[in-house]
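Student: Input: one structure, supplied below.
Protein chains in written order, with this note's numbering: chain A, 1 to 406; chain B, 407 to 585.
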């Protein structure tokens with residue numbers, strides 16, 4: 001459980017490398033074990049067979065000497081065993097039990113030169129012993145016994161083991177390096193993608209797109225992500241519009257207006273400046289709507305929006321805050337005459353008749369003006385005073401304006 | 407240290423003498439003859455006779471020393487390369503023509519001349535331990551050396567007898583062999 005937990009929490013890079021190396025190790029392990037086992041067995045058989053052949057040759061050479069009890073010739077025959085460095089000792093015993101000749105390697109003590117006779121062969125972890133009858137033309141003339149160390153066998157096995165070990169390490173290293181390269185080709189684009197996701201999350205920037213020309217799953221993921229981002233961006237823009245714009249006139253809507261007027265009042269109070277609010281109510285808009293239809297009503301609203309925008313300064317803001325209600329926010333107003341001048345301009349521009357789909361339409365406007373901090377020290381009061389000023393204007397004569405408190 | 411071999415030689419000589427004496431009483435083979443019989447057997451083992459003279463038996467003949475007989479008789483009935491050994495004691499040189507192995511001990515000069523005539527050209531492996539006969543065309547000559555029995559092989563004699571002597575045997579032969 002702990003290992004699988006640990007594995008699940010590893011980065012993909014490490015997972016890939018680990019899986020690669022693990023798979024290769026698992027594939028290699030039985031091969032290596034089998035090769036080593038086979039080689040161990042084959043080399044051992046080889047070495048033992050070699051010794052048997054040597055014993056055969058020596059017994060053949062010594063047979064005549066044994067038949068004649070010739071110690072010198074027998075010793076010479078045994079001495080040929082010197083060619084084999086593993087041969088520890090050898091002895092040739094006559095049928096009557098007398099030792100005819102012995103051979104021993106230089107480092108074997110003298111008193112141990114006679115090899116005890118065995119039934120056949122004996123293999124221990126470090127020694128191989130063998131006794132064989134010596135025949136001269138099928139006549140039993142003696143017994144040859146010899147004992148060899150298995151040093152050269154272990155040397156061969158060790159060399160083989162070392163070669164296998166090195167090969168395995170080399171293979172695993174190659175696998176590791178390969179998977180590191182592989183991991184880069186997979187995880188690099190993933191990391192990039194992750195970066196982009198982070199940017200989207202933290203900066204709300206929906207315009208970023210992953211650049212991906214690859215055709216594999218990661219490329220597909222990147223493209224899908226890009227598509228998703230496009231959809232998100234579109235939706236975000238649409239929501240933005242719905243949230244802050246009026247769909248008929250394209251002017252800012254009531255929601256935006258509320259936020260903005262709040263901000264403006266806050267700034268005016270903080271920086272000791274003046275801001276003004278103009279409420280504009282169209283006269284007779286309901287009549288136009290009812291007699292000429294909604295389409296022309298909407299066209300009229302758009303025309304009003306255009307005309308309002310044309311008389312405003314750059315920093316002034318006009319919003320449509322209701323069916324036939326508009327509002328203008330002015331910031332940094334030095335003089336209270338500025339809003340009244342603007343109101344006059346608005347009334348004059350709106351009173352021009354408009355040609356809408358072949359109909360000559362003319363509307364009027366009633367404007368209420370208030371200012372902060374002159375008549376209000378908070379947003380609610382500002383709105384309220386502007387509203388009441390507008391009603392004053394509307395109730396006096398149409399097509400006029402009224403400044404609160406005047 | 408230099409005394410020891412001489413002392414040993416003396417001992418052996420004395421022992422040899424004693425054995426000689428006892429052997430006259432009992433019919434046990436003497437060690438010396440046992441060794442010689444063993445050698446004879448080995449010679450037969452390592453010699454090839456011409457194939458046309460091959461038979462199921464191998465006739466081993468002794469001439470001139472009855473003391474050797476008990477040792478030699480231990481070979482009776484043994485097989486050499488699947489041939490049964492038959493032991494014969496020759497009373498007369500003329501009987502030698504059917505032998506395959508002939509051990510010549512003490513023979514009179516006249517008898518030996520006759521013997522040579524009989525065996526001439528025949529495939530007979532002649533063996534002797536008689537020093538007087540070393541140069542007289544006998545194939546194998548046995549002699550003691552350093553308390554051991556060694557042998558010399560006369561290859562030309564073997565060749566003229568049409569015998570093929572194994573190289574393994576030749577390797578053990580002492581240098582006196584005539585090539």
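Every residue gets a Cβ at the ideal spot worked out from N, C-alpha and C, and that includes glycine. Everything numeric in this text was worked out from a predicted model, so none of it was measured.
For residue 439 of chain B, go through chain A and note every residue whose CB falls closer than 8 Å to its CB, in chain order.
Tutor: Simply none; closest approach about 15 Å.
Student: Using the beta-carbon count (16 or more within 10 Å), is residue 27 of chain A buried or exposed?
Tutor: Exposed is the call here.
Student: In the structure shown, what three-state DSSP assignment does residue 476 of chain B receive?
Tutor: Looking at residue 476 of chain B - three-state DSSP - the assignment turns out to be helix.
Student: Just checking: is the beta-carbon of residue 78 of chain A within a distance shorter than 8 Å of some beta-carbon in chain B?
Tutor: No, because no Cβ of chain B sits closer than 8 Å to the Cβ of residue 78 of chain A.
Student: Along the segment 547 to 580 of chain B, what residues have a CB closer than 9 Å to any CB found in chain A?
Tutor: Here the close residues are 554, 555, 556, 557, 572, 574, 575, 577 and 578.
Student: What do you reckon, are the CB atoms on residue 297 of chain A and residue 254 of chain A nearer than 8 Å?
Tutor: The answer is no: Cβ separation not under 8 Å.
Student: For residue 317 of chain A, list the residues DSSP reports as bridge partners.
Tutor: DSSP lists A:329 as partners of residue 317 of chain A.
Student: Could you have a look at residue 460 of chain B and say whether DSSP puts it in helix, strand or coil?
Tutor: DSSP places residue 460 of chain B in coil when its eight states are reduced to three.
Student: What are the start and end residues of the alpha helix (DSSP H) that includes residue 46 of chain A?
Tutor: That run of the alpha helix (DSSP H) goes 12 to 68.
Student: Helix, strand or coil for residue 142 of chain A? Go by DSSP, reduced to three states.
Tutor: Correct three-state label for residue 142 of chain A: strand.
Student: How would you write the range of the beta strand (DSSP E) that residue 283 of chain A sits in, first residue to last?
Tutor: Residues 275 to 283.
Student: Mapping the DSSP letters down to three states, classify residue 289 of chain A as helix, strand or coil.
Tutor: Three-state DSSP puts residue 289 of chain A in a helix.
Student: I'd like to know if the segment 165 to 178 of chain A and the segment 16 to 31 of chain A are in contact, where contact means that at least 3 CB-CB pairs between them fall below 8 Å.
Tutor: The segment 165 to 178 of chain A is in contact with the segment 16 to 31 of chain A.
Student: Output yes if chain B places a C-beta closer than 8 Å to the C-beta of residue 136 of chain A; else output no.
Tutor: Taking Cβ atoms only, chain B reaches closer than 8 Å to residue 136 of chain A, which makes this a yes.
Student: Could you tell me which chain B residues have their CB closer than 9 Å to the CB of residue 73 of chain A, listed as they occur along the chain?
Tutor: Near residue 73 of chain A (Cβ distances below 9 Å), the residues of chain B are 577 and 578.
Student: Below 8 Å between beta carbons is the criterion; list the residues of the segment 43 to 76 of chain A that meet it against any residue of chain B, in chain order.
Tutor: Residues passing the 8 Å Cβ filter: 63, 64, 65, 67, 68, 69, 70 and 73.
Student: Within the continuous beta strand (DSSP E) that includes residue 471 of chain B, where are the two ends?
Tutor: Premise fails: residue 471 of chain B is in no beta strand (DSSP E) and is neither H nor E.
Student: For residue 531 of chain B, would you say it is in contact with chain A, using Cβ-to-Cβ distances shorter than 8 Å as the test?
Tutor: Cβ-Cβ to chain A under 8 Å: no for residue 531 of chain B.
Student: Going by Cα to Cα distance, which pick from A:99, A:320 and A:389 is closest to residue 244 of chain A?
Tutor: Comparing Cα positions, the closest option is A:320.
Student: Round the Cβ separation of residue 363 of chain A and residue 283 of chain A to the nearest angstrom and send it over; I've been treating them as touching at under 8 Å.
Tutor: Between residue 283 of chain A and residue 363 of chain A the Cβ distance is about 6 Å, and since that is below 8 Å, they are a contact.
Student: Determine the closest residue to residue 234 of chain A out of A:251, A:222 and A:206, with distance taken between C-alpha atoms.
Tutor: It is A:206 whose Cα lies nearest to the Cα of residue 234 of chain A.
Student: At the level of alpha carbons, what is the spacing between residue 104 of chain A and residue 14 of chain A?
Tutor: Their backbone Cα atoms lie some 60 Å apart in a straight line.
Student: Which runs of the alpha helix (DSSP H) fall wholly inside the segment 539 to 564 of chain B and span at least 4 residues, in chain order?
Tutor: With a minimum length of 4 residues, no continuous alpha helix (DSSP H) run stays inside the segment 539 to 564 of chain B.
Student: Determine the DSSP secondary structure at residue 447 of chain B, reduced to helix, strand or coil.
Tutor: Three-state result, residue 447 of chain B: helix.
Student: Please classify residue 244 of chain A: does DSSP put it in a helix, a strand, or coil?
Tutor: Note: residue 244 of chain A maps to helix in three-state DSSP.
Student: Thinking just about the alpha-carbon of each residue, which of A:33, A:68, A:90 and A:65 is nearest to the one in residue 54 of chain A?
Tutor: Selected option, being the one with the closest Cα: A:90.
Student: Taking CB distances under 8 Å as the criterion, tell me whether residue 89 of chain A reaches chain B.
Tutor: Chain B contact via Cβ: absent.
Student: Within the chosen definition, does the segment 81 to 96 of chain A reach the segment 139 to 148 of chain A through at least 3 CB pairs nearer than 8 Å?
Tutor: Touching, per the Cβ criterion.
Student: What separation, rounded to the nearest whole angstrom, lies between the Cα atoms of residue 97 of chain A and residue 524 of chain B?
Tutor: Going by the C-alpha atoms only, they are around 43 Å apart.
Student: Assign residue 403 of chain A to one of two classes, buried (16 or more other C-beta atoms within 10 Å of its C-beta) or exposed (fewer than that).
Tutor: Classification for residue 403 of chain A: buried.
Student: Strictly by DSSP, which residues pair up with residue 486 of chain B?
Tutor: Its beta-bridge partners are B:489.
Student: Here's a check: name, in chain order, each residue in its chain whose Cβ is nearer than 6 Å to the Cβ of residue 232 of chain A, leaving out the five neighbours to either side.
Tutor: So the list reads 206, once near-sequence residues are dropped.
Student: Out of B:577, B:501, B:478 and B:481, which one is the CA nearest neighbour of residue 530 of chain B?
Tutor: Closest by alpha carbon: B:501.
Student: Residues of chain B with CB closer than 7 Å to the CB of residue 139 of chain A, please, in chain order.
Tutor: What residue 139 of chain A touches in chain B: 451.
Student: Taking the alpha helix (DSSP H) that residue 339 of chain A belongs to, which residues open and close that run?
Tutor: 337 to 350 is the extent of the alpha helix (DSSP H) around residue 339 of chain A.
Student: Where residue 388 of chain A and residue 366 of chain A are concerned, what is the direct C-alpha to C-alpha distance, given to the nearest angstrom?
Tutor: Cα to Cα, residue 388 of chain A sits roughly 12 Å from residue 366 of chain A.
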